[in-house]
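> Here it is: the structure, laid out below.
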Ligand code: ADP
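In full-length UniProt numbering, the protein residues as written are 230 to 488.
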């Protein structure tokens, strides 16, 4: 994969350097793979016992009908935190796979008008939030992995809901140009200060712990969104103003039917 230095016809010093360089590359690529494998194993190993913990907590909550307010609260918090940790492990697993190119995409032509409408309907039902869909009359067709793209959109809509007030609606807007499809997810929420806008796609990065801490999340969502979208040859960009809201835009190449 890496740019191996050519060893023929080089003077001795360079030859020595090149050998050292190639050796270093070899070790580095090995340690990357080891690190990925480690994350993979740890995620799996931790997920199993945590799933058992969540199962017992949920069954306690279901079966106990004379809990004190404190007990109820404690059990609910413990359940929510354990569930969040499981999600975090799944996210880490996805990222480790994306890093090593082991995240496989099943690419098919997808009609975005339908997908966007489905995601909006689903999110509206779960969250009880008004989600508006604005699409063109034309069919917007791209080539992507349907499940992964749906995961991306749900993630962005979840964020839009999480970082805005209950009475504020969220918009899903679909557009196309000659070559590209664009999906915008717009909220009218707290917005993101300019100096954080590049960084929120980093792993574990959250804008202001005091502001976002109460909102449950892992800080991994956008890192995954970005790596999934880029894995499907797309881009994600952001426009936002604190106090006014944010627009996340996904751009993907249009699917062209074979001639
Ligand atoms: P989290 O699990 O914290 O939501 P994400 O990776 O999805 O993690 O987002 C990273 C951070 O970016 C969030 O903690 C929040 O500070 C900020 N953020 C993401 N989406 C929005 C949004 N729609 N409005 C305001 N801030 C946002």
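Cβ coordinates follow ideal geometry from the N, Cα and C atoms, glycine included.
Whole-angstrom Cβ separation of residue 314 and residue 279, contact assumed at under 8 Å?
About 6 Å; that satisfies the 8 Å criterion.
> Note down the Cα distance separating residue 256 from residue 299, rounded to an integer number of angstroms.
Each residue's alpha carbon lies about 53 Å from the other.
> Quick one: residues in its chain with C-beta nearer than 6 Å to the C-beta of residue 323, no 5 flanking neighbours on either side, listed in chain order?
Correct list, in chain order: 453.
> On the CB-based measure, 16 or more other CB atoms within 10 Å of its CB, does residue 374 come out buried or exposed?
That one is buried.
> Taking the Cβ atom as the reference point for each residue, do residue 366 and residue 397 lie within a distance shorter than 9 Å?
Contact: no.
> Could you check the C-alpha separation between residue 265 and residue 332 for me, to the nearest Å?
Spanning the two alpha carbons is a distance of roughly 12 Å.
> Compute the distance between the beta-carbons of residue 412 and residue 402, then report whether it is under 9 Å.
For residue 412 and residue 402, yes; Cβs fall inside 9 Å.
> Starting from the Cα of residue 471, find the closest Cα among 451, 400 and 393 and give me that residue.
The option with the nearest alpha carbon to residue 471 is 393.
> Hey, residue 486 and residue 409: beta-carbon distance below 9 Å or not?
No. Outside cutoff.
> Going by DSSP in three states, residue 277 sits in which element: helix, strand or coil?
It is helical.
> Does the pairing of the region 302-322 with the region 354-365 give three or more beta-carbon distances under 8 Å?
Verdict: no, contact absent.
> Report the start-end ranges of each alpha helix (DSSP H) in the region 239-305 that is 4 residues or longer and not cut off at the edges.
Taking only runs of at least 4 residues, the alpha helix (DSSP H) segments lying wholly in the region 239-305 are 241-292.
> With respect to 8 Å, is the separation between the Cβ of residue 418 and the closest non-hydrogen atom of the ligand ADP below this value?
Yes.
> List the endpoints of the continuous alpha helix (DSSP H) containing residue 351.
Looking at the DSSP string, the run of the alpha helix (DSSP H) that includes residue 351 is 341-356.
> Let me check you understand the geometry: is the CB of residue 498 closer than 8 Å to at least one non-hydrogen atom of the ligand ADP?
Because residue 498 is not part of the residues shown, which for the chain are 230 to 488, the question remains open.
> Once DSSP output is grouped into helix, strand and coil, what is the label at residue 384?
In this structure, residue 384 counts as helix in the three-state DSSP scheme.
> State whether the region 446-465 contacts the region 379-386, with contact taken as three or more CB pairs (one from each stretch) at a distance under 8 Å.
Verdict: yes, contact present.
> Between 347, 447, 272 and 297, which has its C-alpha nearest residue 309's C-alpha?
When each option's Cα is compared against that of residue 309, the closest is 447.
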